[in-house]
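There are 4 protein chains.
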Amino acid sequence: MKLGVKARVEDAALVERRRRQVVNAAIATFGKRGYHASTVRDIAKQAGVSVGLIYRYFGDKEDVLFLAIVDVLDSYRRRIPAGTAGITDPLERLRAAVHAYCSVIDANVDATVLAYRETKSLRKARRNVIKQKEAETNALLARYVEDCIAAGIFDKRLDVALFVYQIVMFAHAWALKAWHFRPRMSVDEYVARGLELILNPPLGVSRLRRPASAWRRTRGRRGRSP
Amino acid sequence: MKLGVKARVEDAALVERRRRQVVNAAIATFGKRGYHASTVRDIAKQAGVSVGLIYRYFGDKEDVLFLAIVDVLDSYRRRIPAGTAGITDPLERLRAAVHAYCSVIDANVDATVLAYRETKSLRKARRNVIKQKEAETNALLARYVEDCIAAGIFDKRLDVALFVYQIVMFAHAWALKAWHFRPRMSVDEYVARGLELILNPPLGVSRLRRPASAWRRTRGRRGRSP
Amino acid sequence: MKLGVKARVEDAALVERRRRQVVNAAIATFGKRGYHASTVRDIAKQAGVSVGLIYRYFGDKEDVLFLAIVDVLDSYRRRIPAGTAGITDPLERLRAAVHAYCSVIDANVDATVLAYRETKSLRKARRNVIKQKEAETNALLARYVEDCIAAGIFDKRLDVALFVYQIVMFAHAWALKAWHFRPRMSVDEYVARGLELILNPPLGVSRLRRPASAWRRTRGRRGRSP
Amino acid sequence: MKLGVKARVEDAALVERRRRQVVNAAIATFGKRGYHASTVRDIAKQAGVSVGLIYRYFGDKEDVLFLAIVDVLDSYRRRIPAGTAGITDPLERLRAAVHAYCSVIDANVDATVLAYRETKSLRKARRNVIKQKEAETNALLARYVEDCIAAGIFDKRLDVALFVYQIVMFAHAWALKAWHFRPRMSVDEYVARGLELILNPPLGVSRLRRPASAWRRTRGRRGRSP
DNA sequence: CATGAATGAGGATTCATTCAT
DNA sequence: CATGAATGAATCCTCATTCAT
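As given, the protein sequences belong to chains A, B, C and D, one line each in that order. Going by our numbering, 1021 is the number at position 79 of the first sequence; the sequence numbering is gapless. Going by our numbering, 1105 is the number at position 163 of the second sequence; the sequence numbering is gapless. Going by our numbering, 1090 is the number at position 148 of the third sequence; the sequence numbering is gapless. Going by our numbering, 1112 is the number at position 170 of the fourth sequence; the sequence numbering is gapless.
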């Protein structure tokens, strides 16, 4: 009864296996044609099972979408730490994390776009689960960023929350704007050029302390005295 | 027969008026419930017209979606220049453009998300029109960025293409992640904090470190020493 | 929105007409094959309309069943008074009522059986409406019976409630056991023989007053002198 | 291969036992939710066996319904004689039979209603078996009635066939109109009051009036002259 | 030009039945 | 003999689209 989705089959291992089988097919199908345009029959065919089987492992079509999206988000949370394993230098670790993030997305462009397009097709409670999953991934990145701050690599006044979102959007953009980027460069190049743009400012550049009220407008030339 | 959508009614002015009426209703309806979950009846009711009428001004439901998305994208292209009118300082103009962009999006969060979610529901030819519209908006921003470079405010080696996309994603994020940002800050604060993050690097900060294997063409140390 | 069933069409007269058309078809179809075994398509075909149309005048298949059963019961309540119009002699009026009741049932055997079989397929609230309708018909008969008592034709100690149910069951039996009776006699004969059985005792035969508690058991010899 | 229902299991005693187990579950389940609304899984669960097992002892779902209804009718035929055992007075025996009949029905209201509702769901040949069973029960009662006539308790011109049906309908009404009667009286009271109504005429009461056109063979004035 | 009643193809879902273990 | 996972035909219902008024 994982995440509120209940199966009509007991054997937990079988449920796990069948659900993976169907979810993979669903990601492929939804990813290609979208949720509403995909029929349950399409998914069944793609998964090589009968329509009936799907309904023995999922309550309804929305359940399939839900677990598909959860699966995508979980793969981020699993692979980002995997991609940074063993790296101790905080900045290199952050770079590696971004690279890992973009790589998973690159391997799952359709799935990522799916998560964006169709989360709204879920009922509220489930949208919240999705947001929670996303928050967890963001927390991973936030940790790496904070490590950089702690190590003195990034300025301590860095706007961490927004910075993390900048990274997230950068990674997601590889999927959301794949039609633009993919014909023009590899993920690796994308990451390299993107990090260049994103990282330089935090990189030890001192930020003038600014009064809290001073958001917006006039920002004087700055920093980095020689 | 604007953009390949043809009406069964002659009077051009009427066509224009009716289409606007329907498109506005469609943006509201699609934005709230999504394209597939919205019925043509929903749109008709929202627009205060009959279902039949819609089919006299649009070929089918997809036509409505198409013109709705086009309308959204056009509003960006119209309002960004409007928001920068009269500003001569290149950097301030860019800032103003970003602010304008985020403001339009703020005023049309649902519509923006709609464009993201449902562009894939259009047939290929029309998706390309949408991409073209988006490219035009991007070109607008690129122009402002290049003005900054020309004015010596940004380093001439700035990765303009990616930088523009960074801005675009930043603006879109306000809609795509509205559930996160909106409860936490105003658009104005969002723009101020975001520009802080985004603009600093192009603002001529020397880059201290480069990845061992420098992606892409060599980039010399740079610029803009005081 | 008669009886909680709502149409998606405004024109009340049209709703009335279409519903009658569909209900008639439904009574025929349900009556022949039963509710569950009849498909909405069957009903549509029988009514000479499209499936879609049915759903514009009824919320779902159960609504059709409901209005079909209501229609049957209403026809009883309408035709029994019609069959007794002008008859002033209380006993003759009761006889006429029974005859009318059995005649309507004879004209609608399938529909009557339908009401018996499928009322349980309705949700509780609607079952109660049905019961109410039935009670109204019973009240009609009860009135006629009481008139006979008032006229001194029936003994005033007659168990009216049960007597009415006896009549009701007698009438319904013509439908419920149609397979038995119909090959053996006409409704007219059925009514005549039945009334013979049913009416004789109340017909002025004095009933020994019996203590209220004496229900059941020992009933002294009566009538029937040795 | 009882009554044309064949098992895929040899052991006759086992077949008997399993079928009883399943039939009991089926009566409970069908009785509660009706035949069509009950799934084979429901029955299996209620019986504490697997779905597969049911198909080893019954050909299909209809077989289960058939044997369930047969079982109900058989219980009538078994318990009516049981309820009259040892009673020699013909009238008392008839009274006892009616009481026994109503008591079995009271103990199986759902099952009785089931037989009414769902007999039509059986194919013709089986409906005939059911009718035959019912006829056998009726024959039982007819015998008791005729004994009363033979004993001179009932008039010999009594319309036996219809009189028996009157009794049958009276008994069935306790189930068919249970929602009405059960809250108002006990079975015992029901039987007592009902017999009062039913028996009086056969008990040799003179018939005062006859319809102008006397249906059926002439019936002379009888018994009990004033 | 505007309306909205009517259509019916298409899709989600259920459940009787089979069969490998 | 017993199980229950798997199947897919069958059904309800929706909704884009048409067309007579």
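All C-beta atoms, glycine included, are put in the ideal place defined by N, C-alpha and C. Just so we're clear, the structure is a prediction, and the values are computed from it rather than from any experiment.
- The beta carbon of S1063 of chain D falls within 8 Å of a beta carbon belonging to chain C, placing the residue at that interface.
- Around the beta carbon of A1039 of chain A, a 10 Å sphere encloses 16 or more other beta carbons of the protein chains shown; the residue is thus reported as buried.
- Between the region 1017-1033 of chain C and the region 964-975 of chain C there are fewer than three C-beta pairs closer than 8 Å, too few to call the two in contact.
- If one requires a minimum length of 4 residues, the alpha helix (DSSP H) runs lying completely within the region 953-1011 of chain D are 954-975, 982-989 and 993-999, in chain order.
- Taking 8 Å as the threshold, the shortest C-beta distance from L1104 of chain A to chain B falls below it.
- The Cβ atoms of I1140 of chain D and F1112 of chain D sit closer than 8 Å to each other.
- Linking D1097 of chain C to I1091 of chain C through their CA atoms gives a straight-line distance of about 6 Å.
- Remark: C-beta atoms of V965 of chain D and G1001 of chain D do not approach each other more closely than 8 Å.
- D:T981 is the residue among D:L956, D:T981 and D:V957 whose C-alpha sits nearest the C-alpha of A968 of chain D.
- Taking 8 Å as the threshold, the shortest C-beta distance from F1112 of chain B to chain A falls below it.
- Our two residues, R960 of chain A and R1021 of chain A, have alpha carbons roughly 23 Å apart in a direct line.
- Closest in alpha carbon position to A1084 of chain B, among B:P1023, B:L945, B:L995 and B:K1003, is B:P1023.
- Within 8 Å of the CB of E1078 of chain C, no CB atom of chain D is found; the nearest one sits about 13 Å away.
- The beta carbon of A1115 of chain D falls within 8 Å of a beta carbon belonging to chain C, placing the residue at that interface.
- The beta-carbon separation of R1019 of chain B and L1082 of chain B, rounded to 7 Å, stays under the 8 Å limit for a contact.
- DSSP, read as helix, strand or coil, puts F1096 of chain D in coil.
- Taking the beta carbon of K1073 of chain D as reference, the chain C residues within 9 Å of it are W1121 and H1122, listed in sequence order.
- Bounds of any alpha helix (DSSP H) do not take in P1125 of chain B, whose DSSP letter is neither H nor E.
- Separation of V1129 of chain A and A1117 of chain A (C-alpha to C-alpha, rounded to the nearest whole angstrom) is 10 Å.
- Secondary structure at M1111 of chain D: helix, using DSSP grouped into helix, strand and coil.
- Going by DSSP, I1029 of chain A is part of no alpha helix (DSSP H) at all; its letter is neither H nor E.
- Restricting attention to C:A1134, C:A1077, C:K987 and C:V957, the CA atom closest to the CA of D1016 of chain C is found in C:A1077.
- The straight-line gap separating the alpha-carbon atoms of G976 of chain D and L1137 of chain C is approximately 35 Å.
- In this structure, I1011 of chain D lies near L1056 of chain D, with their beta-carbon atoms less than 8 Å apart.
- The beta carbon of I1109 of chain C is closer than 7 Å to those of V1040, L1083 and I1140 in its chain, skipping five residues each way along the sequence.
- At a cut-off of 8 Å between beta-carbon atoms, E1138 of chain D makes contact with chain C.
- When Cβ-Cβ separations below 8 Å define contact, D1101 of chain D makes contact with chain C.
- Here S1063 of chain A is buried: its Cβ has 16 or more other Cβ atoms, across all protein chains shown, within 10 Å.
- Just so you know, the alpha carbons of L945 of chain C and V1051 of chain C end up roughly 24 Å apart.
- Here S992 of chain C has A986 as same chain residues with Cβ atoms under 7 Å from its own Cβ, once five neighbours each way along the sequence are excluded.
- Just so you know, the alpha carbons of A1093 of chain A and H978 of chain B end up roughly 50 Å apart.
- For R1059 of chain D, the enclosing alpha helix (DSSP H) has its first and last residue at V1051 to E1060.
- Sequence-distant Cβ neighbours of N1080 of chain C in its own chain, meaning closer than 7 Å and more than five residues away, are V1106 and V1110.
- Close to chain D, meaning a Cβ-Cβ distance shorter than 7 Å, are the following residues of the region 1029-1062 of chain C: Y1058, R1059 and K1062.
- Separation of L1104 of chain D and V1071 of chain C (C-alpha to C-alpha, rounded to the nearest whole angstrom) is 32 Å.
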